[in-house]
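Just below is one structure, and these are the notes that go with it.
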Amino acid sequence: MPQLLPFAPTRSLKVVEARLARRSRVKRLVLALSAGVIALLALVPAASHAQAPVVEPSPVPATPAAPATAAPAPAPGTMAPTPGVATPPAATVPPAATVPPSTTVPPAATMPPETLPAPGITAPATAAPPPTASPMPAPTGTPPAVPAPPPVAAPAQPRPPLTVPSPPPPRDAMVPRQAGPVSYICGGVAEDEQVALQSQARKYNMSLLFTQGARGEYLSDVDVRLMRGGREVASFVADGPRCLLKAPSGTYNVRATYQGRTRTMSVSTNSKNAQMRW
Numbered sequence: 000m001p002q003l004l005p006f007a008p009t010r011s012l013k014v015v016e017a018r019l020a021r022r023s024r025v026k027r028l029v030l031a032l033s034a035g036v037i038a039l040l041a042l043v044p045a046a047s048h049a050q051a052p053v054v055e056p057s058p059v060p061a062t063p064a065a066p067a068t069a070a071p072a073p074a075p076g077t078m079a080p081t082p083g084v085a086t087p088p089a090a091t092v093p094p095a096a097t098v099p100p101s102t103t104v105p106p107a108a109t110m111p112p113e114t115l116p117a118p119g120i121t122a123p124a125t126a127a128p129p130p131t132a133s134p135m136p137a138p139t140g141t142p143p144a145v146p147a148p149p150p151v152a153a154p155a156q157p158r159p160p161l162t163v164p165s166p167p168p169p170r171d172a173m174v175p176r177q178a179g180p181v182s183y184i185c186g187g188v189a190e191d192e193q194v195a196l197q198s199q200a201r202k203y204n205m206s207l208l209f210t211q212g213a214r215g216e217y218l219s220d221v222d223v224r225l226m227r228g229g230r231e232v233a234s235f236v237a238d239g240p241r242c243l244l245k246a247p248s249g250t251y252n253v254r255a256t257y258q259g260r261t262r263t264m265s266v267s268t269n270s271k272n273a274q275m276r277w
């Protein structure tokens, strides 16, 4: 059996004790660093939610909106600002803490003493003031709308004067009249009418005289009807004892009625002295 070398524990024990001491120091250092990192991580949420004190916004007159400018990009490793929340300055890391290269610690917010919330209390969130509406600028180059003028009524056209027909002549007036195709004129009660009828006798082709009694008294208001071939051609009322007629050539049957009594006679054109008696 081979012989064993004598045991020399002094050197090997020292080596082991040195290794154990180094390991214990490394563990303590790791534990200290872990505790510091946990403490920093607990402070970061409270610092990120801390805000400025609430200030009532004063009414500001509406002004034209300024052109928007692009915000500068945040530096690498920093948090993007929240809209409506004031961004605190970057926090500084305590120099005593040493962080391993694989661990990154977010910066803590540094705020004035009077604005920092108490430990364990979250500052109340404040609503951002409502945006103010900026007036729309008036378009350039477009003239303002002009209201249309009210419609102008057309001037009233003057009405023509009303023509009032002349009243018919009196019934006993000695004027020419028309009854169908026959024109006539009656009169002769007074002496001047007899003279006037005598002067116009050449314009007519028949003449009738109405009388009554043995003395041949003149009659008026005699209803006269001219018949030809069984048909009535003309009818009129004689306003005087003598009537001058102008009718188409031919023979006519004259029916004259006075106070209900009728007389008949055949009269041809160019007969100037036809007389009917009652």
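No gaps in the numbering here: position 272 of the sequence shown is 271 in numbering that gives the first Met the number 0, and each next residue is one more. All C-beta atoms, glycine included, are put in the ideal place defined by N, C-alpha and C. Everything numeric in this text was worked out from a predicted model, so none of it was measured.
Where C185 and A153 are concerned, what is the direct C-alpha to C-alpha distance, given to the nearest angstrom?
-> Residue numbering aside, residue 185 sits at position 186 when the sequence shown is read from its first letter. Residue numbering aside, residue 153 sits at position 154 when the sequence shown is read from its first letter. Taking the straight line joining both Cα atoms gives about 55 angstroms.
State whether the segment 189-201 contacts the segment 224-237, with contact taken as three or more CB pairs (one from each stretch) at a distance under 8 angstroms.
-> Segments in contact, no.
Inside the segment 142-206 only - alpha helix (DSSP H) runs reaching at least 4 residues | 190-199
When we look at the beta-carbon of G259 and count the other beta-carbons within 10 Å, is it buried (16 or more) or exposed?
-> Position 260 of the sequence shown holds residue 259. G259 should be labelled exposed.
Rounded to a whole number of angstroms, what is the C-alpha to C-alpha distance between N252 and V174?
-> Locating residue 252 in the sequence shown gives position 253, where the first residue counts as 1. Locating residue 174 in the sequence shown gives position 175, where the first residue counts as 1. N252 and V174 have their C-alpha atoms spaced approximately 24 angstroms apart.
Would N204 pass as a contact of N272 if the rule is Cβ separation under 8 angstroms?
-> Within the sequence shown, numbered from 1, the residue matching residue 204 stands at position 205. Within the sequence shown, numbered from 1, the residue matching residue 272 stands at position 273. No, the pair does not count as a contact, with Cβ atoms beyond the cut-off.
To which residues of the same chain is S206 closer than 6 angstroms at the C-beta, ignoring the five residues directly before and after it?
-> Locating residue 206 in the sequence shown gives position 207, where the first residue counts as 1. Correct list, in chain order: L243, K271.
Where does L244 sit, in a helix, a strand or coil, going by DSSP?
-> Reading the sequence shown from its first residue, position 245 is the one you call residue 244. Three-state result, L244: strand.
Local Cβ density within 10 Å of P247, reported as buried at 16 or more and exposed below that = The residue labelled residue 247 in the question sits at position 248 within the sequence shown. Exposed, because fewer than 16 other Cβ atoms sit within 10 Å of the Cβ of P247.
Skipping 5 residues on each side, what residues in its chain have a beta carbon closer than 7 angstroms to that of I37?
-> Residue numbering aside, residue 37 sits at position 38 when the sequence shown is read from its first letter. For I37, where only same-chain residues beyond five positions count, there are no Cβ hits under 7 angstroms.
How is P105 classed by DSSP in three states: helix, strand or coil?
-> Within the sequence shown, numbered from 1, the residue matching residue 105 stands at position 106. For P105, the pLDDT reaches just 47, beneath the cut-off of 50, and the residue's location in the model is therefore unreliable, although a value from the coordinates is still provided. DSSP, read as helix, strand or coil, puts P105 in coil.
Length of the line joining the Cα atoms of G212 and M275 | What you label residue 212 is simply residue 213 of the sequence shown in a count that begins at 1. What you label residue 275 is simply residue 276 of the sequence shown in a count that begins at 1. Using only the alpha carbons, I get a separation of about 11 angstroms.
Reference G239; option with closest CA among P150, V221, V29 | Taking the sequence shown and counting its residues from 1, the one referred to as residue 239 is at position 240. Taking only the C-alpha atoms, the option nearest G239 is V221.
Straight-line CA distance for R18 to A34?
-> In the sequence shown, residue 18 corresponds to position 19, counting from 1. In the sequence shown, residue 34 corresponds to position 35, counting from 1. R18 and A34: Cα-Cα distance of roughly 24 angstroms.
Starting from the C-beta of T263, find all residues in its chain whose C-beta is less than 6 angstroms away, skip the five residues before and the five after it, and write them out in chain order.
-> Position 264 of the sequence shown, counted from the first residue, corresponds to residue 263. Answer for T263: R254, listed in chain order.
Roughly how many whole angstroms lie between the Cα atoms of L115 and L40?
-> Residue mapping note: residue 115 aligns to position 116 of the sequence shown, counting from 1. Residue mapping note: residue 40 aligns to position 41 of the sequence shown, counting from 1. Low per-residue confidence applies at L115: pLDDT is 49, beneath 50, and the placement is therefore not dependable, though the value from the model is reported in the following sentence. Cα to Cα, the separation comes out at about 17 angstroms.
Considering only C-alpha positions, which residue in the set S219, V15, A189, S182 is nearest to K202?
-> The residue labelled residue 202 in the question sits at position 203 within the sequence shown. Answer by Cα proximity: S182.
Between which two residues does the beta strand (DSSP E) harbouring L225 extend?
-> Counting from one through the sequence shown, the residue named residue 225 turns up at place 226. Run containing L225: 221-227, per the beta strand (DSSP E) assignment.
Verify whether the separation of the beta carbon atoms of A178 and A233 is less than 8 angstroms.
-> Counting from one through the sequence shown, the residue named residue 178 turns up at place 179. Counting from one through the sequence shown, the residue named residue 233 turns up at place 234. Against a cut-off of 8 angstroms, the Cβ pair of A233 and A178 comes out as a contact.
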